[in-house]
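2 protein chains.
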Amino acid sequence: MTFKERAKELVAKMTLPEKLSQMRYDAPAIPRLGIPGYNWWNECLHGVARSGRATVFPQAIAMAASFDDELMETVADVIATEGRAKYNEYRKAGDTARYQGINFFAPNINIFRDPRWGRGHETYGEDPTLTAKLGTAFVNGLQGKGKYRKADATLKHYAVHSGPEDLRHTFDVAPSERDLNETYLWAFRYCIKHSDPSCVMGAYNRVYGEPCCGSPFLLEEKLRKEFGFSGYVVSDCGAICDFNENHKVTANAAESAALAVNSGCDLNCGNAYQWLKTSVALGLLSEETVTRAVERLFEARIRLGQFDDDCEYDSIPYSVIECPEHVALSRKVAQDSVVLLKNDGILPLDPKTNIAVIGPNADERSVLLANYAGTPTEYVTVLEGIREAAQGKVGYAPGCHSYKIQGADFDATTMPDAVIAAKAADVVVLVMGLNPSMEGEQGDAFNNSADGDKLSIELPESQKALYREIIALGKPVVFVNISGSAVVLADQDKACNAVVQCFYPGAQGGRALADVLYGKVSPSGRLPVTFYASDDDLPPFEDYSMENRTNRYFKGTPTYAFGHGLTYTEVTETWVDEETVTLSNVGNTDTAYSVLRYKITPEEKQLLGFKKTFLKAGQSVTLKVEDVTKF
Amino acid sequence: MTFKERAKELVAKMTLPEKLSQMRYDAPAIPRLGIPGYNWWNECLHGVARSGRATVFPQAIAMAASFDDELMETVADVIATEGRAKYNEYRKAGDTARYQGINFFAPNINIFRDPRWGRGHETYGEDPTLTAKLGTAFVNGLQGKGKYRKADATLKHYAVHSGPEDLRHTFDVAPSERDLNETYLWAFRYCIKHSDPSCVMGAYNRVYGEPCCGSPFLLEEKLRKEFGFSGYVVSDCGAICDFNENHKVTANAAESAALAVNSGCDLNCGNAYQWLKTSVALGLLSEETVTRAVERLFEARIRLGQFDDDCEYDSIPYSVIECPEHVALSRKVAQDSVVLLKNDGILPLDPKTNIAVIGPNADERSVLLANYAGTPTEYVTVLEGIREAAQGKVGYAPGCHSYKIQGADFDATTMPDAVIAAKAADVVVLVMGLNPSMEGEQGDAFNNSADGDKLSIELPESQKALYREIIALGKPVVFVNISGSAVVLADQDKACNAVVQCFYPGAQGGRALADVLYGKVSPSGRLPVTFYASDDDLPPFEDYSMENRTNRYFKGTPTYAFGHGLTYTEVTETWVDEETVTLSNVGNTDTAYSVLRYKITPEEKQLLGFKKTFLKAGQSVTLKVEDVTKF
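Line order of the protein sequences matches chains A and B.
In terms of the working numbering, the first sequence has 69 at position 69, counting the first letter as 1, and numbering is strictly consecutive.
In terms of the working numbering, the second sequence has 699 at position 68, counting the first letter as 1, and numbering is strictly consecutive.
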């Protein structure tokens, strides 16, 4: 029997109330049918998240900067391995709480449309092609190729979802048909065709007036009919109550729940589906439709091996969590995601250089983790990583608060101390940027300015003041920006000897960054987002038109373009034909290198594909870069 | 000429407005007289604070637990050395901002009357004798014995100040005469007699109806006439505006400022003294009285060497900051402040033991620093310290939030992970307690329950739930409580194999704790506060009567008494006479040991003195323990 047939048979034995109970994320046990309880709410954006110990990989946006879909697939496989190990152990103890299951609400393949969006760092950036390839790799790695599914992946948030966070429960987006298909839905369509994801999560917002989790257009017409999706759909957490409470498209929760299930939303993260009995009683929902949803859910659970004794993943031991191989992989991904934006030759640093590490992000643990993270047993901050690698003196001062202006309240007076440290050094490594309290999800980031979003992409004034003081000293400066999104680095590009972008780099981040700064590895990351020169370059945040946004459509000149990224050597690209390129490392340093293939017209600059490879010094390689936009 | 004479001469050249300007904490320069600007607001409670890099020693309450006044004097001398080094460097750059000066608002010698007081961890505990000896040692170490004063110490908060934090700007205390003299003022009197402190800071509250910074009774009658204080008095920050705004004992700020200066408060931390011109104009304050205040301030500045070229401390280089010797001292103090409360023989741990380190304080940096701290360049958390010392496996899980109940919001589900880690280990090291966001100063600690104070001395329910789960496993458990105050450990005393109290232990804290846990050093700390068995043992928080409070007067049976503290050996005390004792280390382990001398009557148990010494295994020493209450 197929998983689908087994699900049909099992669900046929359930009463209606039993069926309805299984559509909640915290599905209770049905002992008479041998069905254990199961909690569907689980996270693994960049490692098993919110469930205690786990290898914490770089944040999604950082992994995107590696421009390496093969590496992404390996990472996702490791995440699934750790997820299985935890699930096995939890199950032994009879635990079925949130964050203990084996389906996951990742990857986030929304388009990072505007750099002010707080959740942008959960995504793979602004480009549909990059997003689609990395999302596909993540799904394939997570779900595995076994007899059973290793873990369920969830494409989210479907669809047209990218802020503002404070409007997400009421917002209605009406993108042009072209933007809808070529930008907002494109990666979903690609991933579904190339990776068979188990699940899709509906977003909070509305599209063309329909709430995403209750949209026949999005869920039936597009997702299932056009894209061929055959899995289950889950609501974002609380999104269905929004129908009546915030979107006001239904009169009450029973109507909202019915609309969602009738539209094809099978599982409710939130509590709207406690009203499903009423929905059925009122004739708003048929048992056949309920059965369809529950069958999809049980097909998934059976396919995960939850009802069999021969699942190949049941023997994965807890000892794989943060094993040396996984931690080493996290470090490698972090290395590969560092983006060298400018270098006048100061990098790599001679290990014997006396340096001063300055800035509020230098010794800050939260920037390693970003959001939706697990708990590592070892954090290596930038300062700690540098100290481990350096052979010269390493001075240190935070120099300022991340965003509070010096002198407020009883804050420390720390800038002079930073100046002292800088003066005593030969080179200053200035480590600034954002942190997850300054950009994040509604209710999760506490910047108090925009509910998780940023009002400006400039660095905060507290950091700018410190920056000016340090620059005024005239010392050589390596500027390291740690953030999950583009910030304005126009001044840095002019005044600093080197500029390095480090997206939230995971628990081993400091070690990986030091590997790059001291030349243990050549940087090979590329920007997955455009670094605009100023706030003035940005259309209104609420505007979902792609006109003059992102590398593909932006008409202006950014400080650093999408795809920009230097190495410690020179690699020449010689295109033999449209898809064949010869890469030659003509320098003296080994490096990884991502080659990007574009279609450039007067209207747009479209990324068609990319491929990462490793080139020893002097080595040439000829390879094909597939146009992934044709399928 | 004496410093006093020079001050008189210099102040005589000032106009009245110039004099008044010098009574503000941010005293401006008077270029025509060659007087540079100076900011009097500087902190150094347990290391130079809020001024960037510094060696971060254990919090004051932890240093108190070492019961070692000689060590305290050494620490204070090192703090002054680092303060001078920073001051020298700041001065070179022309910086005169807050936290850059060389007078300090420390030590805090208030009596830790009630364990719920949020700022209690800034003190030396609940006992006047211990507080007096340690305060004296701190002042002597900080001020030095040179031609110039190395740094100015400030006894604070004078007087009768120990919460509640949320009432501090309005509270009026009327202690009995005995409590006033034997408890609240005693340490101030002792320190003034034995260490000549430069400064005393007036508290926010009132005593007998008079606001402390405007109290002729406290500042004239007691402080200067009875105790013989000859230095300057500073207000707590904002305390003088409280006179009219909150205490309502004056009608406006000009009256408040006049009352303060007339009472002998020479310097204003805050901005009330901007009204002094008005005070003088209204005839509320004479120029003679102003001159007296300003002369005291300039005597201090001149005595600090600010107007001379031959100050022996001007050559202290910046390189002393966090030099290896200072960091090693911080680690030693942290070792000596660990208090072993119970041990069934499980400690010291065999380094090869496979352990699980569990609890929200295990890998938490904030508990190393506590409040009023500098910025270290290296933090060693408990987990990191243990990992460095261990030769067996070290599992880790935080297991719960410090106080948020699991399951709220989108918090991580972490308890099962802790259970898994515990099950895999031979011994569980459970690291719980409080953190500086749960106990602290008004506006500074964000526990949202009591404005810095605690409502209960029980551990939060989130931690109790984890504790119950771990204990239920039946594994050997070493319970490490990290906090700045007493918490209820009654259950732990029954159920755990060992109980260790670690007050906020400074930047090297994790390393120091590991030194103790693995037996590199024997613990030798003693409790500077009573660990009550329950909230029910506490009189109302607002009650300033000492009846049935603290070791001296408490009638009940605490879980662990003030002065309690075990070692890894056995030391016998044989009293030869009232003040002479023979200490014999009859075990096989070297240890430091503090001997305490009490006077015990049916009414009270009074600490008369104490002395710490080092005893090799088998060694006996006879020494005298002075009765310091007689002077």
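Glycine included, every Cβ here is placed at the ideal spot set by N, Cα and C.
Source: prediction; values computed, not measured.
Unbroken beta strand (DSSP E) run spanning residue i, endpoints
i	result
residue 1176/B	Where residue 1176/B is concerned, there is no enclosing beta strand (DSSP E), given that its DSSP letter is neither H nor E.
residue 573/A	571-575
residue 1231/B	1222-1231
residue 830/B	830-833
residue 1245/B	1236-1246
residue 329/A	First-last for residue 329/A: 324-337, but that is the alpha helix (DSSP H), not the beta strand (DSSP E).
residue 583/A	580-585
residue 479/A	477-483
residue 624/A	620-624
Selected residue, minimal CA-CA separation from residue i, among the options
i	options	result
residue 206/A	234/A, 60/A and 247/A	247/A
residue 989/B	1036/B, 1101/B, 1087/B and 999/B	1101/B
residue 649/B	635/B, 640/B, 664/B and 636/B	664/B
residue 935/B	800/B, 1106/B and 784/B	784/B
residue 572/A	9/A, 26/A, 195/A and 620/A	620/A
residue 57/A	576/A, 50/A, 79/A and 67/A	79/A
residue 352/A	333/A, 280/A and 391/A	391/A
residue 530/A	1/A, 30/A, 103/A and 120/A	120/A
residue 479/A	344/A, 601/A, 194/A and 550/A	344/A
residue 721/B	744/B, 682/B and 691/B	682/B
residue 23/A	156/A, 249/A, 271/A and 136/A	271/A
residue 753/B	730/B, 1003/B and 800/B	1003/B
residue 1097/B	1133/B, 1044/B and 1213/B	1044/B
residue 553/A	600/A, 514/A, 509/A and 578/A	600/A
N-terminal and C-terminal residue of the alpha helix (DSSP H) that residue i is part of
i	result
residue 503/A	Per DSSP, residue 503/A belongs to no alpha helix (DSSP H); it is in the beta strand (DSSP E), 498-503.
residue 88/A	69-92
residue 1093/B	1092-1102
residue 687/B	Taken as a continuous stretch (DSSP letters only), residue 687/B belongs to no alpha helix (DSSP H), as it is neither H nor E.
residue 3/A	3-12
residue 1158/B	First-last for residue 1158/B: undefined, no H or E at that position.
residue 734/B	First-last for residue 734/B: undefined, no H or E at that position.
residue 1147/B	1140-1148
Same chain only: Cβ atoms within 6 Å of residue i, ignoring 5 sequence neighbours per side
i	result
residue 685/B	678, 679, 713 and 1005
residue 987/B	1026, 1052, 1053, 1056 and 1059
residue 367/A	361, 435, 482 and 504
residue 347/A	498
residue 131/A	109, 124 and 187
residue 1048/B	1028
residue 609/A	597, 625, 626, 627 and 628
residue 460/A	403
Own chain, CB closer than 8 Å to residue i, minus 5 neighbours either side, in chain order
i	result
residue 255/A	243, 244, 279 and 284
residue 797/B	1073, 1081, 1082, 1083 and 1084
residue 732/B	669, 670, 671, 672, 673 and 718
Beta-carbon proximity list for residue i, same chain, < 7 Å, skipping 5 on both sides
i	result
residue 1249/B	1216
Worksheet item: Any chance the region 559-578 of chain A sits against the region 337-344 of chain A, with 3 or more Cβ pairs inside 8 Å?
Response: Short answer: they touch.
Practice prompt. Answer yes if the region 389-398 of chain A comes into contact with the region 316-329 of chain A, meaning at least three C-beta pairs across the two stretches below 8 Å, and no otherwise.
Written response: Contact fails between the region 316-329 of chain A and the region 389-398 of chain A, because fewer than three Cβ pairs, one in each stretch, are under 8 Å apart.
Worksheet item: Does the region 253-271 of chain A come close enough to the region 173-190 of chain A that 3 or more CB-CB pairs lie under 8 Å?
Response: Contact check between the region 173-190 of chain A and the region 253-271 of chain A: fewer than three CB pairs, one atom from each, fall below 8 Å, which does not count as touching.
Worksheet item: Are the region 801-815 of chain B and the region 1170-1178 of chain B touching, with three or more C-beta to C-beta distances below 8 Å?
Response: yes
Fill in: beta strand (DSSP E) segments (min. 3 residues) lying fully within the region 765-790 of chain B
785-789
Item to complete: Report yes or no: do the region 306-317 of chain A and the region 143-158 of chain A share at least 3 C-beta pairs separated by less than 8 Å?
Response: Yes, since at least three Cβ pairs between the region 306-317 of chain A and the region 143-158 of chain A fall closer than 8 Å, the two stretches touch.
Worksheet entry | Whole beta strand (DSSP E) elements within the region 1020-1048 of chain B, 3-residue minimum | 1025-1028
Worksheet item: Which runs of the alpha helix (DSSP H) spanning at least 4 residues fall entirely within the region 870-947 of chain B, listed in chain order?
Response: 870-873, 884-894, 907-912 and 918-934
Discussion item. Whether or not the region 1221-1241 of chain B and the region 1142-1161 of chain B are in contact is what I'm after, with contact meaning three or more pairs of Cβ atoms, one per stretch, closer than 8 Å; do they touch?
Written reply: yes
Discussion item. Can you confirm whether the region 199-216 of chain A touches the region 3-14 of chain A when touching is taken to mean that 3 or more C-beta pairs between the two stretches lie within less than 8 Å?
Written reply: no
Discussion item. Please give the ranges of any beta strand (DSSP E) in the region 973-1016 of chain B, keeping only runs that are unbroken, at least 3 residues long and fully inside the region.
Written reply: 986-989
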